[in-house]
Amino acid sequence: MVWRMRVIDVQGEAAQRRLGGALADVAGGGFVVFLRGDLGAGKSTLVRGALRRLGYSGVVPSPTYPLLECYELNKGRLCHFDLYRLGDPEELEFIGARDVFDTRTSCWIEWPERAAGVLPQPDLDIHITGAHEGRRVALIPHSPRGKTALEGIRWSG
Amino acid sequence: MPYLIESSILAGHIPTLKGDGFYRQTPANAKNYLMKVIGIETSCDETGIALYDSVSGAMFQRLHSQIKLHAPFGGVVPELASRNHIQRTLPLLDELLSEAGGGKGQIDGIAYTAGPGLIGALLAGAAIARSLAWALNRPAIGIHHMEGHLLAPLLAAGDKPEFPFIALLASGGHTQLIQADRHGCYQMLGQTVDDAAGEAFDKIAKMLGLGYPGGPEVSRLAETGQPGRFKFPRPMVNRKGLDFSFSGLKTFVRNTIASQTEKAQTLDRQTIADICLEFETAVVDSLTIKCRRALRQCNTPRLVIAGGVSANRRLRQKLTEMALQEGGAAYFPPPDLCTDNGAMIAYAGYLRLASGARQGNEISARARWPLTELRPPRQPETEHL
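Keeping their order, the protein sequence lines are chains A and B.
Residues are numbered in the numbering used here as their position in the first sequence, beginning at 1, plus a constant of 5.
Residues are numbered in the numbering used here as their position in the second sequence, beginning at 1, plus a constant of 55.
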């Protein structure tokens with residue numbers, strides 16, 4: 006089944022964070038987001054925006070080195086993956102990734118192609134492109150839940 | 056959680072060694088009996104093994120880098136290849152012991168990196184260390200990876216820093232400013248709010264087509280860069296406090312690369328070198344400004360720099376000058392102890408074991424472990440692991 010994608014143009018880092026917040030509003034427990042784009046495209050910025058919206062005020066370090074950072078929130082949990090340094094999909098086991106995909110956790114996964122075939126199907130697949138200040142964010146739903154979420158995003162720029 | 060980790064930390068008990076525990080017979084003169092300590096470091100890419108002889112001060116070490124092993128696979132490091140640690144550790148230990156002379160019987164204690172790091176890799180080292188300790192009937196101790204880095208400058212041949220000091224720990228995975236009041240007593244002054252300094256170097260290298268991880272290559276190319284052609288922001292220097300941020304600088308460099316590529320279709324070698332130079336200078340300036348602030352704020356003249364980024368020549372020079380201006384001094388580890396290694400773990404383990412710190416026999420490790428949770432050795436009821 007094919008669902009319609011949505012394209013959102015974003016200007017600047019602050020707007021990128023707001024978009025992350027808007028995504029957090031529609032991505033609840035069990036929701037899986039794939040984040041694609043070059044280094045510096047703003048994948049982690051979206052996740053920072055999401056965490057702020059969910060009430061997390063602490064430091065959100067890059068997960069590139071530890072591959073996985075999990076945040077306990079008032080409502081459920083958010084897990085932020087960066088699989089850039091993953092050599093083999095089966096190595097996901099070594100970071101205990103299997104245990105974080107549950108109904109109370111939303112998973113935001115950068116570089117999902119590094120673990121192709123091992124990760125669950127995403128609800129939303131997000132592609133970020135563009136240079137300089139502007140970013141084009143393409144959001145592609147891969148499940149009925151993703152479609153509903155996409156329709157529910159409140160975004161006015 | 057599937058790992059038997061947290062429970063042993065929470066228990067925090069003083070362990071009991073069964074049988075004729077080597078150490079149990081001589082608790083009062085522990086230091087005299089703990090002469091040779093093995094260090095096992097497996098928190099990330101490198102398998103590092105070392106033997107520290109506290110009487111002669113000799114340090115034997117072996118390092119196996121998985122970066123080289125996996126270079127044919129596009130330069131991306133399969134960090135999590137825990138099985139590589141398992142395959143390498145014992146042969147490296149045998150090599151080491153034959154260099155040092157004498158067998159495993161000479162080992163008086165075993166230290167291993169218990170965190171922070173990749174849990175699979177850590178547990179591989181922990182399992183080997185605890186098993187070896189059990190078989191030899193010797194004490195084993197889990198060491199905090201960053202404490203190893205922090206104490207590595209004490210292994211330098213020349214001047215050694217005395218407590219209290221400020222430490223900048225900068226590597227691929229960390230950028231932190233720590234106030235070290237004494238052994239095992241650390242306060243976090245500031246840290247990166249996004250990317251680590253070494254990670255920024257590696258990502259810039261990737262953007263410039265220099266491979267990954269390519270931090271040292273950025274520094275090498277910066278040597279031939281022309282100053283003044285580009286001007287990058289110095290992140291966070293206008294903000295109060297001692298936190299760092301390198302993500303914005305990364306995006307700025309990305310935009311610069313895009314502009315240059317639009318202009319000239321491709322990046323020539325000189326442009327790459329100029330970008331590397333300005334990037335490196337921006338990172339070094341940012342680290343230097345924060346370190347100066349920390350020395351003043353804490354009224355401490357001694358600055359220790361450790362972690363992989365401390366091998367950076369320009370950073371060493373700038374921080375040494377700055378510390379002198381502040382009426383103090385900067386201390387660095389020996390060059391081969393800047394990156395991850397077993398020697399720093401052997402030394403940190405020796406210090407704790409010699410002070411009488413003991414742990415249970417559980418194979419335990421922690422992926423996340425704030426340095427500030429450490430306590431001085433043998434402080435009652437707060438044994439750190």
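All C-beta atoms, glycine included, are put in the ideal place defined by N, C-alpha and C.
Predicted model only: the values in this text are computed from it and were never measured.
For residue i, which of helix, strand or coil comes out of DSSP?
i	result
T263(B)	A small correction: the amino acid at residue 263(B) is Leu; Thr does not occupy that position in the sequence shown. Coil at L263(B), not helix or strand.
K80(A)	coil
K91(B)	strand
R58(A)	helix
H200(B)	helix
V248(B)	coil
R357(B)	strand
L28(A)	helix
D391(B)	helix
H229(B)	coil
V37(A)	strand
G129(B)	Residue placement at G129(B) cannot be trusted, given a pLDDT of 38 that sits under 50; what the coordinates show is reported in the next sentence. Here G129(B) sits in coil by DSSP.
F287(B)	coil
R237(B)	strand
F218(B)	coil
D257(B)	helix
If we call anything under 8 Å between Cβ atoms a contact, is residue i one with residue j?
i	j	result
K159(B)	L191(B)	yes
M399(B)	L406(B)	no
A225(B)	G415(B)	no
G60(A)	L78(A)	yes
Y76(A)	L56(A)	yes
L349(B)	I162(B)	Here residue 349(B) turns out to be Ala, not Leu, going by the sequence shown. Contact flag unset, no.
A251(B)	A403(B)	no
Output the boundary residues of the alpha helix (DSSP H) element that contains residue i.
i	result
G404(B)	397-409
L187(B)	174-191
C99(B)	That residue, C99(B), is in no alpha helix (DSSP H); it is neither H nor E in DSSP.
R302(B)	Note that residue 302(B) corresponds to Ser in the displayed sequence, not to Arg. 302-319 is the extent of the alpha helix (DSSP H) around S302(B).
L342(B)	324-353
L276(B)	270-277
In or out: residue i buried (at least 16 other Cβ within 10 Å) or exposed?
i	result
H137(A)	exposed
R90(A)	buried
Q126(A)	exposed
N139(B)	buried
A401(B)	buried
M291(B)	buried
M243(B)	exposed
A255(B)	buried
D395(B)	buried
V64(A)	exposed
F36(A)	buried
G54(A)	buried
P149(A)	exposed
R159(A)	exposed
K318(B)	exposed
T134(A)	exposed
R294(B)	exposed
F106(A)	exposed
T316(B)	exposed
K91(B)	buried
D257(B)	buried
Q21(A)	buried
Does any residue of chain B have a CB that is nearer than 8 Å to the CB of residue i?
i	result
P117(A)	no
T153(A)	no
R22(A)	no
G60(A)	no
I158(A)	no
P94(A)	no
H132(A)	no
I13(A)	no
Between which two residues does the beta strand (DSSP E) holding residue i run?
i	result
Q16(A)	11-16
P149(A)	Where P149(A) is concerned, there is no enclosing beta strand (DSSP E), although the alpha helix (DSSP H) it sits in stretches over 149-157.
A143(A)	139-146
E115(A)	110-115
L118(B)	114-120
L366(B)	Strictly speaking, residue 366(B) in this sequence is Ala, with Leu absent from that position. Looking at the DSSP string, A366(B) is not in any beta strand (DSSP E), and its letter there is neither H nor E.
G164(B)	164-170
T134(A)	129-134
A121(A)	Neither: A121(A) is in no beta strand (DSSP E) and is coded neither H nor E.
Within the 8 Å Cβ cut-off, does residue i reach chain A?
i	result
L426(B)	no
M243(B)	no
L173(B)	yes
N354(B)	no
N139(B)	no
K373(B)	no
R294(B)	no
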